[in-house]
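Chemist: Going letter by letter, the sequence shown gives residues 31 to 130 in our numbering.
Glycine included, each C-beta is placed from N, C-alpha and C at the ideal position.
If you're wondering where the values come from, they're calculated on a predicted model, not measured in any experiment.
Before anything else, here's the structure in question.
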Amino acid sequence: TDLDEYKAGTKIVYTIEELTLGSGYTSVITGDAATGFEVTNTKTPEVPIVPPEPKDPEDPVLLIPRTGEDGGIYPWVGVMLFSIAGLLLSVRKKLKADRD
Numbered sequence: 031t032d033l034d035e036y037k038a039g040t041k042i043v044y045t046i047e048e049l050t051l052g053s054g055y056t057s058v059i060t061g062d063a064a065t066g067f068e069v070t071n072t073k074t075p076e077v078p079i080v081p082p083e084p085k086d087p088e089d090p091v092l093l094i095p096r097t098g099e100d101g102g103i104y105p106w107v108g109v110m111l112f113s114i115a116g117l118l119l120s121v122r123k124k125l126k127a128d129r130d
């Protein structure tokens, strides 16, 4: 507008440029001195980081400690043996009583 066109007999060439442009931005300058300049700064979107698909979890291995505890069956075996012995004694006594 009010800028000098010549300096010491030489034509001055004026330029427009974006001095500091933040990272991730692009700048486009359009237009001319007669119609005006338009500076357009555009943010370039960052490509999002896509996390990898999680793997299917493996079936856990259940380790049951061996405690040596087998006491649950022994009392029942003992009760059964005493019952059989008592039954045999009562049958034997009855048979002996029937013979006499």
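#1: Can you tell which of P75, P81, A127 and D128 has its C-alpha closest to the C-alpha of S53?
#2: So what's D6 in DSSP terms, helix, strand or just coil?
#3: How far does the beta strand (DSSP E) with K73 in it extend, from its first residue to its last?
#4: Touching or not, the segment 39-52 and the segment 67-85, by the rule of three or more beta carbon pairs under 8 Å?
#5: Given Y104, which residues of its chain have a CB within under 6 Å of its CB, disregarding the five upstream and five downstream residues?
#6: So who's on the other strand from Y55, going by DSSP bridges?
#7: From K41 to S57, what does the alpha carbon distance come to, in whole angstroms?
#8: Tell me, which residues are paired with K37 by DSSP?
Modeler: In terms of the structure at hand:
#1: Counting from 1 along the sequence shown, the entry for residue 53 is found at position 23. When only C-alpha atoms are compared, the closest one is P75.
#2: Look at the range of the chain in this structure, 31 to 130, and you will see that residue 6 is not part of it.
#3: For the purposes of this step, residue 73 is taken as residue 43 along the sequence shown, with counting starting at 1. Counting along the chain, K73 sits inside the beta strand (DSSP E) bounded by residues G66 to K73.
#4: Flag = yes, the segment 39-52 and the segment 67-85 touch.
#5: Counting from one through the sequence shown, the residue named residue 104 turns up at place 74. Residues of the same chain with their beta carbon placed closer than 6 Å to that of Y104 are lacking, with the five preceding and five following residues left out of the count.
#6: The count along the sequence shown starts at 1 and reaches residue 55 at position 25. Partner(s): K73.
#7: As a position in the sequence shown, residue 41 is number 11, starting the count at 1. As a position in the sequence shown, residue 57 is number 27, starting the count at 1. Cα to Cα, the separation comes out at about 27 Å.
#8: Here residue 37 corresponds to residue number 7 of the sequence shown, with the count starting at 1. T40, per the DSSP bridge assignment.
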